[in-house]
Ligand SMILES: C[S@@+](CC[C@H](N)C(=O)[O-])C[C@H]1O[C@@H](n2cnc3c(N)ncnc32)[C@H](O)[C@@H]1O
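In the working numbering, the protein residues as written are 55 to 326.
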């Protein structure tokens, strides 16, 4: 039986990424190849036709997920006993795509209604826990195992939080006792933050972006994190797309505001 979806505001945005992952997987040459998204999508009672207008975003969304998968794979090969915090996980199947080893603790975090839905589609799995909470809440951070390398993934999340909420997430993250904390996250330029709220699907979900690259980087610097690497997701998308859309993305990438429209970054904080 399909699951009816009662989500509010930014929670609904995870259906957008799920839809674009499923579309990519059906395509002749998938970029991400998320073989789980279509099966989850088919069980959700939601008018996905509404999301057709988002198809132009597909190259960026799947290039982002692929780039993050690649970075997490490398990080887990280097630290096979890491604790992974997958913040704002939505219905993403990353843990199935990457199948982490037995010494990894993987924690999926999202808001209550999303986690409730997630639990219907993703059976329990050794080493994987779910936490139903806002990333801004204080309480749940105590549940994060300490003394191990911490790898935090925040994909399509932090831009939805106002700057003070981002600062509180970074403070809580810095408060977890770990020899090394690494955060992989994407950001949007101020002009993207400002125009995104006019996108029809964002308007329908009554949501929008609140923080841009600058506020996120300021919060991380203040929390003792240093930048390890940063790259343009527009460049990534141009590389993995074909045809007329690729040409269009390359044109956007050729101008600095376009190149910096969406960035993927990895920052870390080392304490020992
Ligand atoms: C654009 S979706 C991305 C979902 C997933 N990371 C992916 O890429 O498919 C944004 C997700 O962030 C979650 N989110 C937004 N604000 C949050 C908060 N304060 N605490 C926890 N999750 C939040 C939403 O519920 C949603 O699942």
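Don't be surprised by glycine CBs; every beta carbon is placed ideally from N, CA and C.
In this chain, the beta strand (DSSP E) harbouring residue 208 covers 204-208. In the DSSP assignment, residue 80 falls within the alpha helix (DSSP H) that extends over 67-80. Straight-line spacing of the CA atoms in residue 252 and residue 78 works out to 25 Å. Annotated three-state conformation of residue 103 is helix, per DSSP.
Residue 246: member of the alpha helix (DSSP H) spanning 244-250, first to last residue.
Comparing C-alpha distances from residue 267 to each of 174, 222, 245 and 189 shows the shortest one belongs to 245. The beta-carbon distance between residue 171 and residue 240, rounded to whole angstroms, is 23 Å. This is too long to meet the 8 Å contact definition. In the structure shown, residue 282 adopts extended strand secondary structure according to DSSP, grouped into three states.
Secondary structure note for residue 124: it is in no beta strand (DSSP E), and the uninterrupted alpha helix (DSSP H) holding it is 112-132. If you check the CB distance, residue 159 and residue 203 do not come in under 8 Å. Every beta strand (DSSP E) of 3 residues or more that sits fully in the segment 140-193 is shown, in chain order, as 159-164 and 182-186. Between residue 95 and residue 70, the gap from beta carbon to beta carbon reaches 8 Å or more.
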